[in-house]
Amino acid sequence: MSLKFDTPAGANPIDRERVVGRPLDRVEGPLKVSGTAPYAYERHDVAPDATYGWVVGSTIAKGRIQSIDTRVAEAAPGVIAVIHAANAGQLGQSGSHAVRLLGGPEIEHYDQAVALVVAERFEQARHAAALLKIDYVVEDGRYDLEDAIPHARQAPRGFGGPGLTRAGDFEAGYAAAAVQLDERYTTPDQSHQMMEPHASTARWDGDALTLWTSNQMIADAVGDMAVTLGIAKDKVRIISPYIGGGFGSKLWVRADAVLAAIAARHIGRPVKVALARPQIANNTTHRPATVQRIRLGADPDARIVAIGHESWSGNQPGGGTESAGIQTRLLYRGENRLVAHYLTELNLPEGNAMRAPGEAAGMLALEVAMDELAEKVGLDPVELRIRNDVQYDPEKGPERPFSSRPFIECLRIGAKRFGWSERLRTPASRREGQWLIGMGMAAAFRGNLVTSSHARVGIERDGRVWVETDMTDIGTGSYTIIAQTAAEMLGVDIADVDVRLGDSAFPKSAGSGGQWGANSATAGVYAACLSLRREIAQKAGFNEAEVDFADGHVISGNRRIALGEAAGPDGISLTDGIDFGSLSKRYAQATFGAHFCEVGVDIHTGEIRIRRQAGAFAAGRILNPKSARSQVIGSMTMGAGAALMEELVVDPRFGYFVTRDLVDYHVPVHADIPDQDVFFLPELDDKSSPMKAKGVGELGICGAGAAIANAVYNATGIRLRDYPLTLDKLIDRLPPP
Ligand code: MOS
70 MSLKFDTPAG ANPIDRERVV GRPLDRVEGP LKVSGTAPYA YERHDVAPDA TYGWVVGSTI
130 AKGRIQSIDT RVAEAAPGVI AVIHAANAGQ LGQSGSHAVR LLGGPEIEHY DQAVALVVAE
190 RFEQARHAAA LLKIDYVVED GRYDLEDAIP HARQAPRGFG GPGLTRAGDF EAGYAAAAVQ
250 LDERYTTPDQ SHQMMEPHAS TARWDGDALT LWTSNQMIAD AVGDMAVTLG IAKDKVRIIS
310 PYIGGGFGSK LWVRADAVLA AIAARHIGRP VKVALARPQI ANNTTHRPAT VQRIRLGADP
370 DARIVAIGHE SWSGNQPGGG TESAGIQTRL LYRGENRLVA HYLTELNLPE GNAMRAPGEA
430 AGMLALEVAM DELAEKVGLD PVELRIRNDV QYDPEKGPER PFSSRPFIEC LRIGAKRFGW
490 SERLRTPASR REGQWLIGMG MAAAFRGNLV TSSHARVGIE RDGRVWVETD MTDIGTGSYT
550 IIAQTAAEML GVDIADVDVR LGDSAFPKSA GSGGQWGANS ATAGVYAACL SLRREIAQKA
610 GFNEAEVDFA DGHVISGNRR IALGEAAGPD GISLTDGIDF GSLSKRYAQA TFGAHFCEVG
670 VDIHTGEIRI RRQAGAFAAG RILNPKSARS QVIGSMTMGA GAALMEELVV DPRFGYFVTR
730 DLVDYHVPVH ADIPDQDVFF LPELDDKSSP MKAKGVGELG ICGAGAAIAN AVYNATGIRL
790 RDYPLTLDKL IDRLPPP
């Protein structure tokens, strides 16, 4: 029996904010900083006799294996087995993957796994992998997005909603608009590049598999492993308590998990598999490149009357689209609207969700287009956005209002904190030595998704509280906010709560993805605690309407019972959770903000340095301002990466990503990010969840890069529309020194 959330939340115990809403330290912090949080590959304790697997990737992008000769590899020191399509047994194909996680004889993409070499030691497996002799027949593939655009079709419903939405008459509205802007923007393929690579330890006990792995969505991982291996779900246990970053790359199991499980079954011993850093870009998934066309039509007062956003991206057959137009459905006013996504077939590795899929790429384009419109109409960019705010879903009309939308407040407060009024309107007019200085801004926008989540909550006889849920903590702070939620609900200190996560033996949660995890998972814990409060009150003989939980006690009038005593000698526990009803249909739900940035551009070399980033954000109740700030500064850093450096460079001859380790695939380091100011608007969204919170993990990335691009324009007068904004795109166009 779950709590059904289908009417706005009233007052509830979370509103006390004795524990929730406080900037508490991460409860698992000491484990992390002392190197004692056990990650999947390090579980020597559960598999002391583990062997090591090395994934062998295809060296062609499309074609098939003609022959595979394993004899020399099998005879190499320490080698136990070579697993490949011919001896792996029949494998099912889960719907979560457009490509097979073990390829052969057909090859679908470069570095698709074609074999796993298993040896006593890691080095032996890696060595023997080089001794495999594989002959391929190469077929022609399509690897270049621009070349493939003529073959694109309107995307089916995908990750970010329908492939096409319209309102009013976009073409007529745009044609009649007094001010018109029609520009094209591109974003490259990008790689998640989380710290911990994909890694798994697999062990079979009879016909049951236990997989210690690094995964964001435990219940989905169980289902996908069961389908792939052709076994029942109850024969699969997934354990993933600590995750060194995911960013969407670990939403689904990958080759490491599947091959470790197959090999462990094959050899009758546990197997560990980790992908080496240079394998990840091509073996796993990435964010697909986009080509985007934006048309903005405005009236003489700079009010948008027609807004069109079209986006092209490519993928493997069966893969989805990068939904770059998704924010354009909701962010600005305008009675005539068009948002369209087109998908074309490419034989690059599979594209899939990465760090705010949709908005992260879309805002890089839309928010530069808005800057261009501001310039065209001679209006301050902040004022242009204020003027085009809309308090309801502009596709549907006033009957679908936003649950809350303090966008204008974010713009005003952010501008004030940043010192936006210091900006010089005329580009390239501020200079400090060799540096051209510019300021830019952009909106922040990301949808607020909610999804069912369950937990088991218990109280021990000594009064300690525990929570078990298959929710994951991918470095985000789930342990802490879940502990805060249980502590708040049951009136104990956060130190009195034990949180256990990331195990498929625990109740199914929302999992970590799409910034839905924090709000949904804590709402599930809230619901379970609410049931537990009721049960405790009944057990104590209290009227549940009058009972309070505080200071480790259950209190009714002048009667107080210690929580442990109320739980009884055997303790008490129950499982419950939350399901979300139609509130997210009746109300548009999203998170908002405003990004500001100051850059310096070297007048000789075109080198761009970020001098400061600032943002004001509204994401409902901030469950923990410290971990939320960490999420946002991390996202703003990802925005900087997207704007200035991140790019999977495609080799169109051979169909693979060339920049496949951190030497070539550049991500920002501390020296790239000098100062970040994050401000959260006080906000409660009673239509989002009983926590009155919203997602915040991905908001900070959406728009951060566009603010940088707009600052570069303000610094130089050069408008770049192709990301990343590397110096080679500026150097020939800089003003004279
Ligand atoms: Mo996120 S890209 O949905 O993990």
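In terms of the working numbering, the sequence shown is numbered consecutively and its last residue is 806.
No residue lacks a Cβ here, since even glycine has one placed at the ideal position from N, Cα and C.
Values in this document were obtained by computation on a predicted structure and should not be read as measured data.
Cutoff 7 angstroms; reference residue i; Cβ partners in own chain excluding five residues on either side
{"i": "Leu803", "result": "Ile672, Gly675, Thr785"}
{"i": "Arg398", "result": "Thr234, Val408, Glu464"}
{"i": "His735", "result": "Met714, Glu715"}
{"i": "Ile218", "result": "Val360, Trp381, Thr413"}
{"i": "Gly315", "result": "Met263, Gln285, Ile543, Ser581"}
{"i": "Ala809", "result": "The question about residue 809 has no answer, for the chain in this structure spans 70 to 806."}
Residue i beta carbon near the ligand MOS (any heavy atom closer than 6 angstroms)
{"i": "Pro357", "result": "no"}
{"i": "Pro426", "result": "yes"}
{"i": "Met714", "result": "no"}
{"i": "Gly582", "result": "yes"}
{"i": "Met707", "result": "no"}
{"i": "Gly387", "result": "no"}
{"i": "Gly317", "result": "yes"}
{"i": "Met423", "result": "yes"}
Spatial neighbours of residue i in its chain, beta-carbon cut-off 6 angstroms, leaving aside the 5 residues before and after
{"i": "Thr359", "result": "Thr256, Ser380, Ser382, Glu391, Ala393, Ala430"}
{"i": "Arg112", "result": "Thr270, Trp281"}
{"i": "Ala552", "result": "Val96, Ile563, Val566, Val568"}
{"i": "Arg323", "result": "His267, Thr353"}
{"i": "Thr279", "result": "Arg272, Arg306"}
For residue i, the residue or residues it bridges with in DSSP
{"i": "Gln607", "result": "The partner list for Gln607 (beta bridge, DSSP) is empty, contrary to what the question assumes."}
{"i": "Cys666", "result": "Gly509, Gln682"}
{"i": "Gly571", "result": "DSSP lists no partner for Gly571."}
{"i": "Trp123", "result": "Val186"}
{"i": "Lys341", "result": "Tyr121, Thr270"}
{"i": "Asn405", "result": "Ala375"}
{"i": "His166", "result": "Bridge partners of His166: none, in fact."}
{"i": "Ser472", "result": "DSSP, once it has assigned bridges, lists no residue as partnering Ser472."}
{"i": "Tyr461", "result": "Pro470"}
{"i": "Val151", "result": "Val186"}
{"i": "Ile307", "result": "Leu280"}
{"i": "Thr660", "result": "Arg515"}
{"i": "Arg364", "result": "Asp251, Gly377"}
{"i": "Gln259", "result": "Arg356"}
Other residues of its chain near residue i: CB distance less than 8 angstroms, five sequence neighbours each side excluded
{"i": "Ala513", "result": "Met432, Cys479, Thr660, Phe661, Gly662, Ala663, His664, Gly684, Phe686, Leu768, Gly769, Cys771, Gly772, Ala773"}
{"i": "Ser71", "result": "Ser521, His523, Ala596, Asp645, Gly646, Ile647, Asp648"}
{"i": "Leu100", "result": "Ala106, Tyr311"}
*Kindly confirm or deny that the region 787-798 and the region 508-523 touch, where touching means at least three C-beta pairs closer than 8 angstroms.*
Not touching, per the Cβ criterion.
_Cβ contact (3+ pairs, closer than 8 angstroms) linking the region 233-242 and the region 405-415_ = yes
*asked:* Which complete alpha helix (DSSP H) runs does the region 177-210 hold, if anything under 4 residues is left out?
replied: 191-198
*Return the chain-ordered ranges of every alpha helix (DSSP H) run that is complete within the region 487-571 and spans a minimum of 4 residues.*
Runs found: 547-559.
*asked:* Measuring CB atoms only, is the region 489-506 touching the region 531-543, in the sense that at least three cross pairs come out at less than 8 angstroms?
replied: no
*asked:* Under 8 angstroms: do the region 445-462 and the region 183-200 share three or more Cβ pairs, one atom per stretch?
replied: no
*Where are the alpha helix (DSSP H) runs, 4 residues long or more, that stay fully inside the region 710-797, in chain order?*
773-785
*Is it true that the region 566-575 meets the region 296-315, where meeting means three or more beta-carbon pairs spaced less than 8 angstroms apart?*
Cβ pair count under 8 angstroms is three or more, so yes.
*Minimum length 4: unbroken alpha helix (DSSP H) runs contained in the region 614-658*: 632-636, 652-655
*Between the region 586-601 and the region 758-778, do three or more beta carbon pairs fall short of 8 angstroms?*
yes
*Would you say the region 206-221 touches the region 163-173, given that touching needs at least three Cβ pairs under 8 angstroms?*
In short, these stretches do not touch, since the Cβ pair count stays below three.
*Flag this pair as touching only if the region 180-187 and the region 147-158 have three or more C-beta atom pairs under 8 angstroms; answer yes or no.*
yes
*For the region 405-453, which segments carrying the alpha helix (DSSP H) assignment without a break, of at least 4 residues, lie completely within its bounds, in sequence order?*
As far as the region 405-453 is concerned, its whole alpha helix (DSSP H) runs of at least 4 residues are 428-446.
_Which runs of the alpha helix (DSSP H) at least 4 residues long sit entirely within the region 75-109? Give them in chain order._
Listed in chain order, the alpha helix (DSSP H) runs fully inside the region 75-109 are 98-102, counting runs of at least 4 residues.
*How about the region 157-170 and the region 113-127: do they share at least three Cβ pairs that are nearer than 8 angstroms?*
no
_contact_flag[the region 470-486, the region 725-733] where n(CB pairs < 8 angstroms) is 3 or more_ = no
*Is there contact here, the region 137-151 with the region 367-377, by at least three beta-carbon pairs under 8 angstroms?*
Touching, no.
*Counting pairs of Cβ atoms below 8 angstroms between the region 276-294 and the region 520-531, do you hit three or more?*
no
_Assess contact between the region 245-253 and the region 330-350, defined as three or more Cβ pairs (one per stretch) separated by less than 8 angstroms. Is contact present?_
no
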